[in-house]
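To start, the structure under review is shown below, and the notes come after it.
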Amino acid sequence: MSQWSDGYVTVNGIQIHYHRTGGEKPPVVLAHGITDNGLCWSRLARALEEDYDLILVDARGHGLSDKPEQGYSREDHAADLAGLIQALELDRPAIIGHSMGAASAAVCAARYPDVVGCLVLEDPPWRMPDAPADQDPQERAAQWREEILKRQQLSKEEIIAQGQTQNPTWSEEEFDAWAEAKLQVSPNVLEFVGQDGLPWVETVKAIRCPTLLVIADPERGAIVTPELARQAAELNPAVEVAHILGAGHNIRREQFDSFLLAVRDFLAQHVGSQG
Numbered sequence: 001m002s003q004w005s006d007g008y009v010t011v012n013g014i015q016i017h018y019h020r021t022g023g024e025k026p027p028v029v030l031a032h033g034i035t036d037n038g039l040c041w042s043r044l045a046r047a048l049e050e051d052y053d054l055i056l057v058d059a060r061g062h063g064l065s066d067k068p069e070q071g072y073s074r075e076d077h078a079a080d081l082a083g084l085i086q087a088l089e090l091d092r093p094a095i096i097g098h099s100m101g102a103a104s105a106a107v108c109a110a111r112y113p114d115v116v117g118c119l120v121l122e123d124p125p126w127r128m129p130d131a132p133a134d135q136d137p138q139e140r141a142a143q144w145r146e147e148i149l150k151r152q153q154l155s156k157e158e159i160i161a162q163g164q165t166q167n168p169t170w171s172e173e174e175f176d177a178w179a180e181a182k183l184q185v186s187p188n189v190l191e192f193v194g195q196d197g198l199p200w201v202e203t204v205k206a207i208r209c210p211t212l213l214v215i216a217d218p219e220r221g222a223i224v225t226p227e228l229a230r231q232a233a234e235l236n237p238a239v240e241v242a243h244i245l246g247a248g249h250n251i252r253r254e255q256f257d258s259f260l261l262a263v264r265d266f267l268a269q270h271v272g273s274q275g
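For the sequence shown, full-length UniProt numbering gives the first residue as 1, with consecutive numbering after it.
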């Protein structure tokens, strides 16, 4: 990471921070999940930086980006991604997004089709319309806010230890950025969670670029079901599905090699590389 740069762009009236691996290579924007930060993509970025110019974005309210009191809808995050792509003059980059970042990337591609080249969506928070809600979204957001504030009373080392206990299958290199992100995040970001459902059907229909939907095992905590993934692929021929076994919601953290292989193959097909 010693040669990575970092910087800020002003988009939609706020400062968005990013790290960048650099080089004259095809650009790939990385959009993290809620309460993470851009550096939570470091392991994947290190694996891909020989062939691609990775831009690891801190979403608003996260990392070193500005933390406004409100404005955390998927549309706000999507507009930030489009604004960053335009500010950095990236030529139709790929976007790889996880969870919140995947939902935001999908909306970005649907609303700003001229700025996105292709998508990789790692378990976006999409549910079937008839799926019973585990918990009221507002109630869940309030509970999560308390957890964030409680965790921010801990030291980084204590948060790392907590993460290692909760996620024993993750690589050791995941925890430093993950813990730092938990200290940086604003509870205001939970406005995203408080939204009642995600209208993914209309979003999927509107996507015009090649899209890889990466799913895992709902019994391990993954959100997207095989049924939903099949429906998404039926709704839009641009969507293909990769089902990675043995993982939950954090697919790349739990089955990194399989995730990397799927991403490499997809990017090589739709972006190309300098390798």
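Positions of the beta carbon are idealized from the N, C-alpha and C atoms, including for glycine.
- Every unbroken stretch of the alpha helix (DSSP H) spanning 4 or more residues and falling wholly within the region 80-137 is given here in chain order: 100-111.
- ARG208 and SER155 have their C-alpha atoms spaced approximately 45 Å apart.
- DSSP places ILE159 inside the alpha helix (DSSP H), whose first and last residues are 156-166.
- Going by C-alpha positions, SER42 is about 30 Å away from ALA206.
- As computed with DSSP, HIS243 is found in a beta bridge with ILE215.
- Residue GLN184 holds the alpha-carbon nearest to the alpha-carbon of ARG60 among ALA247, VAL201, GLN184, PRO237.
- DSSP places THR10 in the uninterrupted beta strand (DSSP E) bounded by 5-11.
- With respect to the 8 Å criterion, ILE159 and ARG151 are classified as neighbours on the basis of their beta carbons.
- In the DSSP annotation of this structure, the continuous segment of the beta strand (DSSP E) that includes PRO27 starts and ends at 27-31.
- In this model, GLY22 and ILE55 are separated by some 8 Å (Cα to Cα).
- In the three-state reduction of the DSSP assignment, GLN143 falls in the helix class.
- In this model, GLU173 and ALA179 are separated by some 11 Å (Cα to Cα).
- Apart from sequence neighbours up to five positions away, the residues of its chain that approach VAL9 with a beta-carbon distance below 6 Å are ILE16, LEU84, ALA87, ordered along the chain.
- Counting along the chain, no beta strand (DSSP E) covers GLN184; the unbroken alpha helix (DSSP H) around it starts and ends at 175-184.
- GLN15 carries a strand assignment under DSSP once its states are collapsed to helix, strand and coil.
- For ARG151, the three-state secondary structure derived from DSSP is helix.
- Pairing PRO27 with LEU81 gives a Cβ-Cβ distance that is not under 8 Å.
- Listed in chain order, the non-local C-beta contacts of ALA222 below 8 Å within the same chain comprise ASP123, ILE215, ALA216, ALA247, GLY248, HIS249, ILE251, local neighbours out to five positions each way being set aside.
- In this chain, the beta strand (DSSP E) harbouring LEU54 covers 53-57.
- DSSP places ARG208 in the coil class of the three-state scheme, outside both helix and strand.
- Counting the other Cβ atoms within 10 Å of the Cβ of GLY117 gives 16 or more, which makes it buried.
- In its chain, beyond the 5 residues on either side, ARG74, GLU75, HIS77, ALA78, THR203 have a beta carbon closer than 8 Å to the beta carbon of VAL107.
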